[in-house]
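Asks: Quick one: structure below, then a few questions.
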Amino acid sequence: MYNEVVMDHFRNPRNVGIIDDADGVGEVGNPLCGDMMTIYLKIDDDRISDIKFQTFGCGSAIAVSSMLTELAKGKTVEEARNISNKDVANALEGLPKNKMHCSNLGADALHMAIQDYEDKKAGISRPGPARKEIHEHAPGEKCYCPYCDVEIEEAVKFCEACHRELEEEH
Amino acid sequence: MNIVNLDHISSNPLLSEVKEAMIDAIQNDLHNPSSQHKAGEHAAGLLESARETCSQLINASSAREIVFTSGGTESVNHALKGAALANGNKGNHIITTNIEHNSVIRSLKRLSSQGFQITSLPVDKTGRVLPKDISNAITDKTILISVMHSNNETGIVQPIEEIGKIAREKKVLFHTDAVDSVGVLPVDVKSLNVDLLSFSSNTFYGPTGVGGLYIRKGARVFPLLDGGVQENNKRAGTQNLIGIIGMGKAAEQAIVHMDKRMQHLQELKNYLVEQLPSYVDEYLVNTNLKHSLPNLLNISLKYIEGESVMLMLDDENVAVSTKSACATGSLRASHVLLSLGLSHADAQGTLVISWGIDNTKDDMNKLLSALKNVVATLRHMSPLYKKQKVKI
Chain A
1 MYNEVVMDHF RNPRNVGIID DADGVGEVGN PLCGDMMTIY LKIDDDRISD IKFQTFGCGS
61 AIAVSSMLTE LAKGKTVEEA RNISNKDVAN ALEGLPKNKM HCSNLGADAL HMAIQDYEDK
121 KAGISRPGPA RKEIHEHAPG EKCYCPYCDV EIEEAVKFCE ACHRELEEEH
Chain B
1001 MNIVNLDHIS SNPLLSEVKE AMIDAIQNDL HNPSSQHKAG EHAAGLLESA RETCSQLINA
1061 SSAREIVFTS GGTESVNHAL KGAALANGNK GNHIITTNIE HNSVIRSLKR LSSQGFQITS
1121 LPVDKTGRVL PKDISNAITD KTILISVMHS NNETGIVQPI EEIGKIAREK KVLFHTDAVD
1181 SVGVLPVDVK SLNVDLLSFS SNTFYGPTGV GGLYIRKGAR VFPLLDGGVQ ENNKRAGTQN
1241 LIGIIGMGKA AEQAIVHMDK RMQHLQELKN YLVEQLPSYV DEYLVNTNLK HSLPNLLNIS
1301 LKYIEGESVM LMLDDENVAV STKSACATGS LRASHVLLSL GLSHADAQGT LVISWGIDNT
1361 KDDMNKLLSA LKNVVATLRH MSPLYKKQKV KI
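Going down the list, the sequences are from chains A and B.
Under the working numbering, the first residue of the first sequence is numbered 1, with each subsequent residue one higher.
Under the working numbering, the first residue of the second sequence is numbered 1001, with each subsequent residue one higher.
Structure representation (structure tokens):
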């Protein structure tokens, strides 16, 4: 089901944990959609000097989080902002299509953490981490039927290939 | 590879007696049981002997009430679609429950697109449908009731006998999907008051791809497959004789060893339930321990997700399932567990542990030690675990 790179990051996840005095914390997802990630950033001289994650989710969600932290570590804030979910999936040498949407949330969580860092710098405070509840589709990002993996239009309620109703968002 | 198989609900190994019977059948070049020459009659004899044994396994009145199929899914499709088509002139209402297997759900969905009205009833917190809810749902248009005997994710056994009584009184056809029960528990079609019952060979250590449908004499059900006159005109197509011979042998063994097997399976279940708290904390037992299969336990481990647990246990050479294997492709929380009232987060952390006659307490010990480490690793990684701890 998963390739060797994904399994390696799942088995030996890098940068697991919490940074107590984090400069930015970002959170994405919720248990309803299956996966949830929190990213902690330590930033020195505009560069990510440390990054940690916590993830509730399937094998690919854990691998994505791990790979994301590897990609972001040492990068400037600007460089990190340009890391996309697709970059993470590519670095993992691919994810099963039906997992692309629900577990590939790492970059979103990173962006939220950067947002949190910048808000704090600008004097904006919030009670918890910066949160993004629902994974939004980036323009051009494709949707796949969660049942049969066939590419489908966004917002369709019925999969033409497997004839299943798609009650929730895909 | 030395794998501890605690995923028997997905696949059971074949008994050595079954393998021998099937190899023997292959080597003897059996002919078509419908042919009238000696070779055909010999094959027909083997076919009917397997039918007789299967009918004894479920205490049918006659072997003629057993139709051989390609497995549980075909049996269910045949029962539901065949009954709906044959009785559509009497009404169009069908009653079922919210916890059925996909073969029932999707067959009924298909029928609903053809004008049949489906009432799907909830289960209570213990995972069982209330017979009075079934009784209240029956209208003068009701032609069929379908309630599963035991659930493939939780192992919970439904009050089929009582529902059967109601169905019989109201003269409504009653089907039960007994795919995970037949050959494991004593199942008696007479005391259950069922008209139709689906079963599968692999549940009792026969080959996959073979099963049966019990159709009580006099029940009006159309065939699903039209063609030749095989199976007393109820299922066309030359039979999978080698598979059926395997199922017949497995049924014979199930009848002989039923009590001993049940005792062994129940002992393993008691042991697992007793030992779990010494290895993991903060989990839910989703299986109703009073009314359930002796060979399955469904638990939800809080703050972690089932696929991760399954993959990590797999690395420790322990095979379990995170929910029905047929459902894992859907990436959706199990409808069965949500019906029990579980939260989405708890439903995500679900493990289905199922064992067989070949498992031992030592296998359970291996699972428990591996599980302890896996749960600790994943909780350390989980943002939900941290939050919970802060709240306390």
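In this text, a Cβ means the ideal position worked out from N, Cα and C, and glycines have one as well.
Which chain B residues sit within Cβ distance under 8 angstroms of P13(A)?
Replies: For the purposes of this step, residue 13(A) is taken as the residue at position 13 of the first sequence. Result: M1381.
Asks: What residue from G26(A), M7(A), G59(A) and S103(A) has the CA that sits closest to P127(A)'s CA?
Replies: On the first sequence, position 127 is the one that residue 127(A) refers to. Residue G26(A) is the option with its Cα nearest to P127(A).
Asks: K1234(B) to G1227(B), Cα distance in whole Å?
Replies: By 1-based counting over the second sequence, the position of residue 1234(B) is 234. By 1-based counting over the second sequence, the position of residue 1227(B) is 227. Their backbone Cα atoms lie some 10 angstroms apart in a straight line.
Asks: Can you tell which of L1015(B), P1013(B), D1007(B) and A1025(B) has the C-alpha that lies nearest to the C-alpha of N1240(B)?
Replies: In the second sequence, counting from the first residue as 1, residue 1240(B) sits at position 240. With distances taken between Cα atoms, N1240(B) lies closest to A1025(B).
Asks: Can you give me the C-alpha to C-alpha distance between I1003(B) and G123(A), rounded to a whole angstrom?
Replies: Taking the first residue of the second sequence as 1, we reach residue 1003(B) at position 3. Taking the first residue of the first sequence as 1, we reach residue 123(A) at position 123. Cα-Cα distance, rounded: 56 angstroms.
Asks: For A1393(B), which residues from the same chain have a beta carbon less than 7 angstroms from its beta carbon, with the 5 sequence-adjacent residues on both sides left out?
Replies: Outside the shown range of chain B, which is 1001 to 1392, sits residue 1393(B), and nothing can be said about it.
Asks: Opposite S1211(B) in the DSSP bridges: which residues?
Replies: By one-based count along the second sequence, residue 1211(B) stands at place 211. According to the sequence as given, residue 1211(B) is Gly; it is not Ser. Answer is T1069(B) and S1200(B), bridged to G1211(B).
Asks: DSSP three-state label for I1094(B), please.
Replies: Stepping through the second sequence from its first residue, residue 1094(B) is reached at position 94. I1094(B) falls in the strand class under three-state DSSP.
Asks: I need the straight-line Cα distance from E136(A) to I1066(B), nearest angstrom please.
Replies: On the first sequence, residue 136(A) is found 136 positions in, with the first residue counted as 1. On the second sequence, residue 1066(B) is found 66 positions in, with the first residue counted as 1. For E136(A), the predicted model reports a pLDDT of 48, less than 50, meaning its position is unreliable; a value from the coordinates is still stated below. E136(A) and I1066(B): Cα-Cα distance of roughly 53 angstroms.
Asks: Could you check which residue in D21(A), A63(A), G106(A) and N15(A) has the C-alpha nearest to that of M7(A)?
Replies: Taking the first residue of the first sequence as 1, we reach residue 7(A) at position 7. Ranking D21(A), A63(A), G106(A) and N15(A) by Cα distance to M7(A) puts A63(A) first.
Asks: Starting from D1177(B) and walking both ways along the beta strand (DSSP E), at which residues does that stretch end?
Replies: On the second sequence, residue 1177(B) is found 177 positions in, with the first residue counted as 1. L1173 to D1177 is the extent of the beta strand (DSSP E) around D1177(B).
Asks: Spatial neighbours of V1318(B) within its chain, please: CB distance less than 7 angstroms, with the 5 preceding and 5 following residues excluded, ordered by chain position.
Replies: Here residue 1318(B) refers to the residue found at position 318 of the second sequence. Excluding residues within five positions, the ones whose Cβ falls inside 7 angstroms are V1004, L1006, K1366, L1367 and A1370.
Asks: Quick check: the Cα distance between N1092(B) and I1357(B), rounded to an integer number of angstroms?
Replies: On the second sequence, residue 1092(B) is found 92 positions in, with the first residue counted as 1. On the second sequence, residue 1357(B) is found 357 positions in, with the first residue counted as 1. If you take the alpha carbons of N1092(B) and I1357(B), they lie about 43 angstroms apart.
Asks: Between the beta-carbon of R1216(B) and the beta-carbon of S1055(B), is there less than 9 angstroms?
Replies: Numbered from its first residue, the second sequence carries residue 1216(B) at position 216. Numbered from its first residue, the second sequence carries residue 1055(B) at position 55. In this structure, S1055(B) does not lie closer than 9 angstroms to R1216(B) by Cβ.
Asks: Cβ closer than 9 angstroms: which chain B residues qualify as neighbours of V64(A)?
Replies: For this step, residue 64(A) is matched to residue 64 along the first sequence. Under the 9 angstroms cutoff, chain B gives no residues; its nearest Cβ is about 12 angstroms from V64(A).
Asks: Looking only at C-alpha atoms, which of Y1303(B), V1309(B), T1139(B) and N1077(B) sits nearest to V1179(B)?
Replies: Start at 1 with the first residue of the second sequence, and residue 1179(B) comes out as number 179. Considering only alpha carbons, the answer is N1077(B).
Asks: Does M112(A) get closer than 9 angstroms to chain B when you measure Cβ to Cβ?
Replies: Within the first sequence, numbered from 1, the residue matching residue 112(A) stands at position 112. No, no contact with chain B.
Asks: Taking all protein chains shown into account, decide if I1299(B) is buried (16 or more other Cβ within 10 angstroms of its Cβ) or exposed.
Replies: The residue labelled residue 1299(B) in the question sits at position 299 within the second sequence. It counts as buried.
Asks: Going by CA-CA distance only, name the one from K1170(B), A1063(B) and H1101(B) that's closest to L1080(B).
Replies: Start at 1 with the first residue of the second sequence, and residue 1080(B) comes out as number 80. Selected option, being the one with the closest Cα: H1101(B).
Asks: Please list the terminal residues of the continuous beta strand (DSSP E) segment that includes T1142(B).
Replies: Numbered from its first residue, the second sequence carries residue 1142(B) at position 142. Segment T1142 to S1146, the beta strand (DSSP E) holding T1142(B).
Asks: Where do the N-terminal and C-terminal ends of the beta strand (DSSP E) with V1187(B) fall, by residue?
Replies: Walking along the second sequence from the start, residue 1187(B) turns up at place 187. It is not in any beta strand (DSSP E) - V1187(B) carries neither H nor E in the DSSP assignment.
Asks: Measure the CB-CB distance between F53(A) and S66(A) and report whether it falls below 9 angstroms.
Replies: In the first sequence, the residue the question calls residue 53(A) occupies position 53. In the first sequence, the residue the question calls residue 66(A) occupies position 66. Result yes, Cβ atoms of F53(A) and S66(A) sit closer than 9 angstroms.
Asks: By DSSP, does I1299(B) sit in helix, in strand, or in coil?
Replies: For the purposes of this step, residue 1299(B) is taken as the residue at position 299 of the second sequence. Strand at I1299(B).
Asks: State the beta-bridge partners of M37(A) as determined by DSSP.
Replies: One-based indexing of the first sequence puts residue 37(A) at position 37. M37(A) is bridged to V28(A) and T55(A).
Asks: Leaving out five residues on either side along the sequence, give the residues of the same chain with a beta carbon under 7 angstroms from the beta carbon of T1126(B).
Replies: Start at 1 with the first residue of the second sequence, and residue 1126(B) comes out as number 126. N1288.
Asks: Return no unless some Cβ of chain A is closer than 9 angstroms to the Cβ of L1311(B).
Replies: Counting from one through the second sequence, the residue named residue 1311(B) turns up at place 311. True, the Cβ-Cβ gap to chain A drops below 9 angstroms.
Asks: Can you tell which of L110(A), P96(A) and M36(A) has the C-alpha that lies nearest to the C-alpha of E79(A)?
Replies: The residue you call residue 79(A) lines up with position 79 of the first sequence. Considering only alpha carbons, the answer is L110(A).
Asks: State yes or no: is the C-beta of L1030(B) within less than 9 angstroms of the C-beta of L1046(B)?
Replies: Walking along the second sequence from the start, residue 1030(B) turns up at place 30. Walking along the second sequence from the start, residue 1046(B) turns up at place 46. Closer than 9 angstroms, so yes.
Asks: If you check the beta carbons only, do T1377(B) and L1301(B) fall under 9 angstroms apart?
Replies: Counting from one through the second sequence, the residue named residue 1377(B) turns up at place 377. Counting from one through the second sequence, the residue named residue 1301(B) turns up at place 301. No.
Asks: Could you spell out where the beta strand (DSSP E) holding L1121(B) opens and where it closes?
Replies: As a first step, residue 1121(B) must be located in the second sequence, where it is residue number 121. First-last of the beta strand (DSSP E) with L1121(B): Q1117 to L1121.
Asks: When you compare the stretch 1148–1162 of chain B with the stretch 1336–1355 of chain B, are there three or more beta-carbon pairs, one atom per stretch, that lie closer than 8 angstroms?
Replies: These segments touch.
Asks: In the DSSP output, which residue or residues are listed as bridge partners for T1429(B)?
Replies: Residue 1429(B) is absent from the structure shown; chain B starts at 1001 and stops at 1392.
Asks: Counting C-beta neighbours from all protein chains within 10 Å, is the total for T1139(B) 16 or more, i.e. buried, or is it exposed?
Replies: Within the second sequence, numbered from 1, the residue matching residue 1139(B) stands at position 139. So T1139(B) ends up on the exposed side.
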